[in-house]
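Q:
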């Protein structure tokens, strides 16, 4: 296998902020690599460096055999990019945008028309191509953005949070397109996401980034099983940290993480341990609201590695709204 | 299975089409083509300047021609005013506002992700601006002809007049692009019209240079638009006056070199910031 993307101690700083901190990556030809992390972890900055939009502060990055700092022109010829926000001109029609995109990649008129026909089917946007982009729905804009990234048949495709803000149906559609591009064209795909299920569903390998550092890397299966085979999730009516020593003492428990009133217990044999865990929690005198046995998720991996859950931008907005609603109702009461 | 389902699940045929550098001229024409296609969809960017120019041309001629022509023997105020009207129409005509929206919408990043030469992004817009500016001179010239203006320099003089006005428009447009790329802020670009006032009004816009006095005469003597107006007027009123035309070209080149330096520096800065 040929390495298509590699970085060596890649650093990108903005003034005093180190957004990407000595990241090392090795991504093979034909791989779907999921780059997972919460908002502000450094995912998009890494993509912008790999796509030549930002120069690295230190370290080295090579994409499709070309150094992003010394040979950015050749990198651009080999890559397609769909950035986090669909980068479109609302006043052009979809067809005009794709034609211009093709011309900028040096395609002849006949080649552009050929690609337009291919892409209108591939991203299922055919009839809408003659309409101004301002009339497109969010999902259509995403698909057109993807088509624009593919117009020149890139060797490597960067997708920066391709499904953020999409409804579940549009999200599933994008996943399907990503899979087909990878399987049918052997395209290397570097996908950043804050959705755990997206990384789990699509990626051959996942890199987890937090505070600019790559904290773990492996297949989703490897990552999930590094914390044990099973996870017991407990929600208590009180501070979970107080119950930790009793639960840790239960035979077969591999690890315990407490956060607020939640406790995540990892074990090799969850079915054998869940009973003694329930007893231990009962003996602590803290009432148990829920006790669930499940296989580990990437969120559990993230929690173990960083001590926090991944909060997606959707969740962050929801939390902010809840907080605002609560403070409003408090004000009304007072 | 519906047609859409079939399309979505059909295997993707590998394509031999591959990207290659397109060449600087090709890049410039692609960007200019896009900017020109946008003009009819964005008529609000060209209607006001042409309206203002025609309005002031007609109103100034209507209100001041008798007064000036009585006081200055042999003076043709309509011919004198036409270059002012042209500059009112073409100064500040640019796609800088559209470029700042590209920055905001992320489309500028999409352009930077292609192998396009970075210079071509600006040069393409500037080429489109010159074309639009030259086109905008036509209705003002027609109005001038209707009001009785005749070019002493003949038809070639009309062409030279349009080219000179287009070059001035290009020189001034550089400031708008510099602000657009430096700030990425549409409001800042809109306010760049403030530069328009000292350039166009602290000069011999309404009366001949000889009639100016005091501080206004001093300011007019260092305002490049004074020399541009004299060059344009010479084509209309006097014929081919090479000294006046040379001074006009030097004035446009001086403003243009400053504005182009500023806008290309802003482009480099914008690209560096990513």
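Residue numbers (this note's numbering), protein chains in the order written: chain A, 8 to 341; chain B, 25 to 298.
A virtual CB, placed ideally from N, CA and C, is assigned to each residue, including glycine.
What does the alpha-carbon distance come out to for the pair residue 104 of chain A and residue 121 of chain A?
A: In the first chain, counting from the first residue as 1, residue 104 of chain A sits at position 97. In the first chain, counting from the first residue as 1, residue 121 of chain A sits at position 114. Distance between the alpha carbons of residue 104 of chain A and residue 121 of chain A is about 15 Å.
Q: Report the three-state DSSP secondary structure of residue 41 of chain A (helix, strand or coil).
A: Walking along the first chain from the start, residue 41 of chain A turns up at place 34. The answer is strand: DSSP assigns residue 41 of chain A an E or B state.
Q: Between residue 110 of chain A and chain B, is any beta-carbon pair separated by less than 9 Å?
A: Locating residue 110 of chain A in the first chain gives position 103, where the first residue counts as 1. Yes, its Cβ sits closer than 9 Å to a Cβ of chain B.
Q: How many Å lie between residue 279 of chain B and residue 191 of chain B at the Cα?
A: Residue 279 of chain B sits at position 255 when you count from the first residue of the second chain. Residue 191 of chain B sits at position 167 when you count from the first residue of the second chain. Approximately 10 Å between the Cα atoms of the pair.
Q: Could you please tell me which residues of the region 132-163 of chain B, in chain order, have their CB closer than 7 Å to any CB of chain A?
A: For the region 132-163 of chain B, the set of residues with a beta-carbon nearer than 7 Å to any beta-carbon of chain A comprises 133, 134, 136, 137, 138, 139 and 140, in chain order.
Q: Going by DSSP in three states, residue 13 of chain A sits in which element: helix, strand or coil?
A: Translated into the one-based positions of the first chain, residue 13 of chain A becomes position 6. Strand at residue 13 of chain A.
Q: Taking only the alpha-carbon atoms, compute the straight-line gap between residue 97 of chain B and residue 90 of chain B and give it to the nearest angstrom.
A: Here residue 97 of chain B refers to the residue found at position 73 of the second chain. Here residue 90 of chain B refers to the residue found at position 66 of the second chain. Taking the straight line from one Cα to the other gives about 11 Å.
Q: The beta strand (DSSP E) spanning residue 165 of chain B covers which residue range?
A: Here residue 165 of chain B refers to the residue found at position 141 when the second chain is read from its first residue. Premise fails: residue 165 of chain B lies in the alpha helix (DSSP H), 142-170, not in any beta strand (DSSP E).
Q: Do residue 129 of chain A and residue 101 of chain A have their C-beta atoms within less than 9 Å of each other?
A: Counting from one through the first chain, the residue named residue 129 of chain A turns up at place 122. Counting from one through the first chain, the residue named residue 101 of chain A turns up at place 94. Annotated as distal: residue 129 of chain A and residue 101 of chain A, with beta-carbon spacing of 9 Å or more.
Q: How about residue 162 of chain A and residue 199 of chain A: are their beta carbons less than 9 Å apart?
A: In the first chain, counting from the first residue as 1, residue 162 of chain A sits at position 155. In the first chain, counting from the first residue as 1, residue 199 of chain A sits at position 192. No.
Q: In chain A, which residues lie less than 8 Å from residue 54 of chain B when you measure between Cβ atoms?
A: In the second chain, residue 54 of chain B corresponds to position 30, counting from 1. Chain order gives the chain A residues near residue 54 of chain B as 107, 110 and 111, where near means a beta carbon separation below 8 Å.
Q: Give me the residue from A:266, A:311, A:258 and A:264 with the minimum Cα distance to residue 286 of chain A.
A: Here residue 286 of chain A refers to the residue found at position 279 when the first chain is read from its first residue. Among A:266, A:311, A:258 and A:264, the Cα nearest to that of residue 286 of chain A belongs to A:258.
Q: Grouping DSSP H, G and I as helix and E and B as strand, with all else coil, what is residue 97 of chain B?
A: Stepping through the second chain from its first residue, residue 97 of chain B is reached at position 73. Residue 97 of chain B: coil per DSSP, three-state reduction.
Q: When we look at the beta-carbon of residue 118 of chain A and count the other beta-carbons within 10 Å, is it buried (16 or more) or exposed?
A: Residue mapping note: residue 118 of chain A aligns to position 111 of the first chain, counting from 1. So residue 118 of chain A ends up on the buried side.
Q: Would you check if there are 3 or more beta carbon pairs closer than 8 Å linking the region 95-115 of chain B to the region 267-281 of chain B?
A: Verdict: no, contact absent.
Q: Secondary structure at residue 214 of chain A, three-state DSSP: helix, strand or coil?
A: The sequence position of residue 214 of chain A within the first chain is 207, counting from 1. If DSSP states are grouped into helix, strand and coil, residue 214 of chain A belongs with the strands.
Q: Following a CB-centred definition, is residue 275 of chain A positioned closer than 8 Å to any heavy atom of the ligand SAM?
A: For the structure depicted, the ligand SAM is absent and the ligand set is empty, with no information on it obtainable.
Q: Could you check what DSSP says for residue 271 of chain A in three-state terms: helix, strand or coil?
A: Here residue 271 of chain A refers to the residue found at position 264 when the first chain is read from its first residue. Looking at residue 271 of chain A - three-state DSSP - the assignment turns out to be strand.
Q: Determine, for residue 92 of chain A, whether the minimum Cβ-Cβ distance to residues of chain B falls below 9 Å.
A: As a working mapping, residue 92 of chain A is identified with position 85 in the first chain. Closer than 9 Å: yes.
Q: Look up residue 22 of chain A in the DSSP assignment and say whether it is helix, strand or coil.
A: Translated into positions along the first chain, residue 22 of chain A becomes position 15. Three-state result, residue 22 of chain A: coil.
Q: Would you kindly report the start and end of the unbroken alpha helix (DSSP H) that includes residue 152 of chain A?
A: Numbered from its first residue, the first chain carries residue 152 of chain A at position 145. Per DSSP, residue 152 of chain A belongs to the alpha helix (DSSP H) from 145-157.
Q: Going by beta-carbon coordinates alone, are residue 93 of chain A and residue 151 of chain A separated by less than 9 Å?
A: Start at 1 with the first residue of the first chain, and residue 93 of chain A comes out as number 86. Start at 1 with the first residue of the first chain, and residue 151 of chain A comes out as number 144. Closer than 9 Å, so yes.
Q: Would you mind stating whether residue 306 of chain A and residue 275 of chain A have Cβ atoms separated by less than 9 Å?
A: Along the first chain, one-based indexing puts residue 306 of chain A at 299. Along the first chain, one-based indexing puts residue 275 of chain A at 268. Taking 9 Å as the Cβ cut-off, residue 306 of chain A and residue 275 of chain A do not qualify as a contacting pair.
Q: Restricting to Cα atoms, I'd like to know which of B:282, B:221, B:252 and B:57 is closest to residue 104 of chain B.
A: Counting from one through the second chain, the residue named residue 104 of chain B turns up at place 80. If we check each option's Cα against that of residue 104 of chain B, B:252 comes out closest.
Q: Residue range of the alpha helix (DSSP H) that residue 242 of chain A falls in?
A: As a first step, residue 242 of chain A must be located in the first chain, where it is residue number 235. Taken as a continuous stretch (DSSP letters only), residue 242 of chain A belongs to no alpha helix (DSSP H), being part of the beta strand (DSSP E) at 237-243.
Q: Quick one: list the residues of chain A neighbouring residue 45 of chain B, beta-carbon separation under 8 Å, in chain order.
A: What you label residue 45 of chain B is simply residue 21 of the second chain in a count that begins at 1. Those within 8 Å of residue 45 of chain B in chain A are 80, 84 and 113.
Q: With a Cβ-Cβ cutoff of 9 Å, do residue 185 of chain B and residue 260 of chain B count as a contact?
A: Residue mapping note: residue 185 of chain B aligns to position 161 of the second chain, counting from 1. Residue mapping note: residue 260 of chain B aligns to position 236 of the second chain, counting from 1. Cβ atoms of residue 185 of chain B and residue 260 of chain B: closer than 9 Å.
Q: Answer with yes or no whether the minimum CB distance from residue 62 of chain B to chain A is below 9 Å.
A: As a position in the second chain, residue 62 of chain B is number 38, starting the count at 1. Yes, its Cβ sits closer than 9 Å to a Cβ of chain A.
Q: From the DSSP output, in three-state form, read off residue 174 of chain A for me.
A: Residue 174 of chain A sits at position 167 when you count from the first residue of the first chain. Residue 174 of chain A: coil per DSSP, three-state reduction.
Q: DSSP on residue 179 of chain A, reduced to helix/strand/coil?
A: Along the first chain, one-based indexing puts residue 179 of chain A at 172. In this structure, residue 179 of chain A counts as helix in the three-state DSSP scheme.
Q: Along chain B, in chain order, which residues have C-beta atoms closer than 7 Å to that of residue 96 of chain A?
A: For the purposes of this step, residue 96 of chain A is identified with residue 89 of the first chain, where counting begins at 1. Among the residues of chain B, those whose CB is under 7 Å from the CB of residue 96 of chain A are 126, 129 and 131, following chain order.
Q: Residue 73 of chain A CB to nearest chain B CB: under 9 Å?
A: Sequence index remark: in the first chain, residue 73 of chain A carries index 66 (1-based). In terms of beta-carbon proximity, residue 73 of chain A stays away from the interface with chain B, with every pair separated by 9 Å or more.
Q: Helix, strand or coil, according to DSSP, for residue 296 of chain B in the structure here?
A: Counted from its first residue, the second chain places residue 296 of chain B at position 272. Note: residue 296 of chain B maps to helix in three-state DSSP.
Q: For residue 170 of chain A, which of A:36, A:206 and A:76 has the nearest alpha-carbon?
A: The residue given as residue 170 of chain A occupies position 163 in the first chain. For residue 170 of chain A, the nearest C-alpha among the options comes from A:206.
Q: In its own chain, which residues sit with a C-beta less than 6 Å from the C-beta of residue 204 of chain B, not counting the 5 before and 5 after it?
A: Your numbering for residue 204 of chain B matches position 180 in the second chain. Excluding residues within five positions, the ones whose Cβ falls inside 6 Å are 120, 123, 124 and 213.
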